[in-house]
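What follows is one structure encoded as structure tokens, with my remarks underneath.
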Amino acid sequence: MKNIVILISGGGSNMAAIVRAAQSEQWPARIAAVISNRADAGGLPFAQANGIPTVVIPSQDFASRDAFDAALRAAIDEFLPDLIVLAGFMRILTAPFVAHYAGRMLNIHPSLLPRFSGLHTHRQALAAGHDRHGATVHIVTAELDHGPVLGQVEVAVLPGDTEAALAIRVLQQEHILYPRVIRDFIEHGAPAQH
Ligand code: GAR
């Protein structure tokens, strides 16, 4: 059994999709913990209701990124993780933190990377006038939103789309993409890079 630790900051709908898939598909892995940098993260009650240990490390209480990342790392490592899954975890991580989990930390980003790293990706896609948008799962490296891509899903941008409408359709596809990629990663590891 592999141990997965999921990090969230908000609603946690990707986390919930991963928890449900792990249960219903009987993954050879358990969600060992859900850790949030915000006490009010909407996903925490879902994790608790599913018997998953939760931990809050409030980022606002730390004076520096280094101090927060050290506390976060200590909390994560209590659960002996094989895989760290960032699921709407809205913090930029320091290079030493990323290095500690090199090759075993995944992120989902709501755009077709390398397009639109950073924030407000749906707004950026609409402003650029693209007719395809989507989401990407990648391995986390020190450069924000730039690690090796493990999977992508495309969503059509519709005439008259709003940022909110597009975000909902992308999120629905994230809920399919992320569990599929994580399961593949657990069972087969990272694909060879060319
Ligand atoms: C998701 O759309 C995810 O791709 C995005 O935040 C949302 C979290 O939703 N992540 C990022 O923007 C990371 N830079 P959720 O909390 O309901 O899973």
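Numbering follows full-length UniProt numbering, with no gaps: position 97 of the sequence shown is 97. We put the CB at the ideal spot given by N, CA and C, even for glycine. If you're wondering where the values come from, they're calculated on a predicted model, not measured in any experiment.
Indicate, with yes or no, if the ligand GAR has a heavy atom lying under 7 Å from the CB of residue 109.
Within the sequence shown, residue 109 is the residue found at index 109, counting from 1. It does: the Cβ of residue 109 is within 7 Å (strictly closer) of some heavy atom of the ligand GAR.
Looking only at its own chain, which residues have a Cβ that is under 6 Å from the Cβ of residue 72, when we skip the five neighbours before and after it?
For the purposes of this step, residue 72 is taken as the residue at position 72 of the sequence shown. Correct list, in chain order: 57.
Can you have a look at residue 160 and say buried or exposed, based on whether 16 or more other CB atoms are within 10 angstroms of its CB?
The sequence position of residue 160 within the sequence shown is 160, counting from 1. Its Cβ having fewer than 16 others within 10 Å, residue 160 is exposed.
Run through DSSP, which three-state label would residue 172 get?
Position 172 of the sequence shown holds residue 172. If DSSP states are grouped into helix, strand and coil, residue 172 belongs with the helices.
Looking only at DSSP bridge pairs, what is residue 207 linked to?
Not covered by the structure: residue 207. The range shown for the chain is 1 to 194.
Quick check: what's the CA-CA separation for residue 134 versus residue 83?
As a position in the sequence shown, residue 134 is number 134, starting the count at 1. As a position in the sequence shown, residue 83 is number 83, starting the count at 1. Distance between the alpha carbons of residue 134 and residue 83: 24 Å.
With a 10 Å radius around its C-beta and 16 neighbouring C-beta atoms as the bar for buried, classify residue 106 as buried or exposed.
Counted from its first residue, the sequence shown places residue 106 at position 106. Classification for residue 106: buried.
Would a C-beta distance cut-off of 8 Å place residue 31 and residue 52 closer than the cut-off?
As a working note, residue 31 is residue 31 in the sequence shown. As a working note, residue 52 is residue 52 in the sequence shown. Yes. Within cutoff.
Can you tell me which of the three DSSP states residue 107 falls into?
The residue given as residue 107 occupies position 107 in the sequence shown. Residue 107: strand per DSSP, three-state reduction.
Measuring from the CB of residue 78, is there a heavy atom of the ligand GAR at a distance below 7 Å?
Within the sequence shown, numbered from 1, the residue matching residue 78 stands at position 78. Because no heavy atom of the ligand GAR lies under 7 Å away, the Cβ of residue 78 does not count as near it: no.
Between which two residues does the beta strand (DSSP E) holding residue 115 run?
To locate residue 115, count along the sequence shown from 1; it is residue 115. Element bounds for residue 115: n/a, residue is neither H nor E.
Looking at C-alpha atoms only, which residue of 121, 120, 98 and 113 is the closest neighbour of residue 141?
Working through the sequence shown from its first residue, we reach residue 141 at position 141. Ranking the options by Cα distance to residue 141, first place goes to 98.
Could you tell me which residues DSSP puts in a beta bridge with residue 211?
Outside the shown range of the chain, which is 1 to 194, sits residue 211, and nothing can be said about it.
Quick one: using the 10 Å Cβ neighbour count with 16 as the cut-off for buried, is residue 17 buried or exposed?
For the purposes of this step, residue 17 is taken as residue 17 along the sequence shown, with counting starting at 1. So residue 17 counts as buried.
Who are the Cβ neighbours of residue 47 in its own chain at under 6 Å, not counting the five residues just before and after it?
Reading the sequence shown from its first residue, position 47 is the one you call residue 47. If we look at residue 47 and ignore the five residues flanking it on each side, its Cβ neighbours are 34 and 54.
If I measure Cβ to Cβ from residue 65 and keep anything under 6 Å in the same chain, skipping five residues before and after, which residues do I get?
Position 65 of the sequence shown, counted from the start, is the residue given in the question as residue 65. Around residue 65: 94.
Going by beta-carbon coordinates alone, are residue 181 and residue 137 separated by less than 8 Å?
For the purposes of this step, residue 181 is taken as the residue at position 181 of the sequence shown. For the purposes of this step, residue 137 is taken as the residue at position 137 of the sequence shown. Contact: yes.
Considering only the alpha carbon of each residue, which of 13, 77, 76 and 59 lies closest to residue 91?
Position 91 of the sequence shown, counting from 1, holds the residue named residue 91. Closest option to residue 91, Cα to Cα, is 59.
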